[in-house]
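Participant: Residue numbers (the working numbering): 6 to 123.
Pasting in a structure now, in structure tokens, and then I'll have a few things to ask.
Okay, here's the thing in structure tokens:
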């Protein structure tokens, strides 16, 4: 799945340009916020005996759980989306509020859905 790995590397590189944000590709990592977590994508095939043609990624934008959590999320989500916009054939299609479990802690997050062609 070279195309999937290539797309993951491109997204991780773009996410790494957001100032002050750590990028995690290990779902078991203990997050030190602020951070973004790039998980495995849902894949779509165009037909039988073919490679995947698109991927939908979940990127969690994670911040510390304190009185500034919401303003931080509101500021950070657009910066992460702008970084994704620099990747050809990638677009943020939705951001849902959520909670990211890391170690024994639950942290506030936005879960960004990102669509890419492969």
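Don't be surprised by glycine CBs; every beta carbon is placed ideally from N, CA and C.
These figures come from a predicted structure and were not determined experimentally.
Looking only at DSSP bridge pairs, what is residue 102 linked to?
Facilitator: Reading the chain shown from its first residue, position 97 is the one you call residue 102. DSSP output for residue 102 lists 115 as bridge partner(s).
Participant: Tell me where the alpha helix (DSSP H) around residue 32 begins and ends.
Facilitator: Translated into the one-based positions of the chain shown, residue 32 becomes position 27. No alpha helix (DSSP H) contains residue 32, which DSSP labels as neither H nor E.
Participant: So, is residue 87 buried or exposed, given that buried needs 16 or more other C-beta atoms within 10 angstroms?
Facilitator: For the purposes of this step, residue 87 is identified with residue 82 of the chain shown, where counting begins at 1. Answer is exposed; the Cβ neighbour count stays below 16.
Participant: Would you call the segment 44–55 in contact with the segment 99–107, where contact means no fewer than 3 C-beta pairs closer than 8 Å?
Facilitator: No, they do not touch.
Participant: What residues match up with residue 86 in a beta bridge as DSSP calls it?
Facilitator: In the chain shown, counting from the first residue as 1, residue 86 sits at position 81. Partner(s): none; residue 86 has no beta bridge.
Participant: Work out the CA separation of residue 119 and residue 58 for me, nearest whole Å.
Facilitator: For the purposes of this step, residue 58 is identified with residue 53 of the chain shown, where counting begins at 1. For the purposes of this step, residue 119 is identified with residue 114 of the chain shown, where counting begins at 1. About 14 Å.
Participant: My output table needs one value for residue 95: the three-state DSSP class, helix, strand or coil.
Facilitator: What you label residue 95 is simply residue 90 of the chain shown in a count that begins at 1. Of the three classes helix, strand and coil, the one that applies to residue 95 here is strand, per DSSP.
Participant: By alpha-carbon positions, which one of 77, 41 and 97 ends up nearest to residue 121?
Facilitator: Translated into positions along the chain shown, residue 121 becomes position 116. Among 77, 41 and 97, the Cα nearest to that of residue 121 belongs to 97.
Participant: Going by the DSSP bridge assignment, what does residue 110 pair with across the sheet?
Facilitator: For the purposes of this step, residue 110 is identified with residue 105 of the chain shown, where counting begins at 1. For residue 110, which the question treats as bridged, DSSP gives the partners 107.
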